[in-house]
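*Asks:*
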Amino acid sequence: MRSGRTIIGIVAGVLALLMLFSALYQVQPEEVGVVLRLGRYVRTTEPGLRMKMPFIEQVQKVQVQRQLKEEFGFRTEEAAVRTTFSRGDFTAEAVMLTGDLNVAVVEWIVQYRVADPYQYLFKVRNLTDTFRAMNEAVMREVVGDRTVTEVLTVGRQGIETRVEERLRALTQQYEMGITIEQVVLQDVNPPDPVKPSWDEVNQAQQQR
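Under numbering that gives the first Met the number 0, the residues of the sequence shown are numbered 0 to 207, in order.
1) How is the alpha helix (DSSP H) around Tyr173 delimited, first residue to last?
2) Would you kindly check if the distance between the Cβ of Val142 and the Cβ of Val105 is under 9 Å?
3) Using the beta-carbon count (16 or more within 10 Å), is Arg145 buried or exposed?
4) Report yes or no: do three or more beta-carbon pairs, one from the region 91-98 and one from the region 52-68, lie closer than 8 Å?
5) Would you kindly report the start and end of the unbroken alpha helix (DSSP H) that includes Gln118?
6) Within 10 Å of its beta-carbon, does Pro189 have 16 or more other beta-carbons around it, so buried, or fewer, so exposed?
7) By Cβ distance, which residues of its chain are closer than 6 Å to Ala203, with the 5 residues on each side in sequence left out?
8) Can you tell me which of Glu69, Met133 and Val26 puts its alpha carbon nearest to the alpha carbon of Leu48?
9) Return the chain-ordered list of same chain residues with a C-beta closer than 6 Å to the C-beta of Glu70, the five sequence neighbours on each side being excluded.
10) Let me make sure I understand the geometry here. Which of Arg36, Gly176 and Gly154 has the alpha-carbon closest to that of Leu120?
11) Once the 5 residues before and after Val162 are set aside, which same chain residues still bring their CB inside 7 Å of it?
12) Can you have a look at Ala103 and say buried or exposed, based on whether 16 or more other CB atoms are within 10 angstroms of its CB?
13) Out of Glu29, Ile158 and Leu37, which one is the CA nearest neighbour of Pro46?
14) Check for me: the alpha helix (DSSP H) holding Leu100 runs from which residue to which?
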């Protein structure tokens, strides 16, 4: 009889430990925890050691302090003192038609943070793909309103500012849960076949 009670006690103790471990979770300082109960959102938790209902609640952790970024026209392979870039072909997302029907190759970075974890996770399906498509559409629209000379020379800051404004408005409109911090034109050039001619013209103008 005692052995039976002992076994029951051991099993109960093990189950209690399992319940405890499944109830505890850690949220790191740069994160928040988004708690789902049976697949539905119930609350957002701050950093620290937290508890949830065992087995019926799950936690998705979202980085809210870290600055995130998307790159267009290139990819960074290793960011260090000497940054290396991917050699893959990302030309399709960088080639833009200007307002005077010329072509420019525009590489840029968008830096952002998660402002609303609930919206970020649940309001927009495939958020990263949607956000990238939105970026390309906005950049093409803004570049298409300018001449190739503006795009390649004096108009860069204006392009960055206008793209930031449009992205902020669209991400708020579609409740994407992110805050746009900065748009940076990494590099802007004419297409390779005409680049030597463009450089010659540019140098001649500077020497006047």
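Glycine included, every Cβ here is placed at the ideal spot set by N, Cα and C.
In this text the structure is predicted, and so the values were computed from the model without any measurement.
*Replies:* With the structure as the only source:
1) Here Tyr173 belongs to no alpha helix (DSSP H), and DSSP marks it neither H nor E.
2) yes
3) By the neighbour-count rule (16 or more Cβ atoms within 10 Å), Arg145 is buried.
4) no
5) Start and end: Pro116 to Phe121.
6) buried
7) Confidence at Ala203 is low in this model, with a pLDDT of 48, below 50, so its placement is unreliable and the value that follows should be read with caution. So no residue of the chain qualifies.
8) Val26
9) Ile108
10) Gly176
11) Val137, Met138, Val141 and Val182
12) buried
13) Glu29
14) Unbroken run through Leu100: none, as it is neither H nor E.
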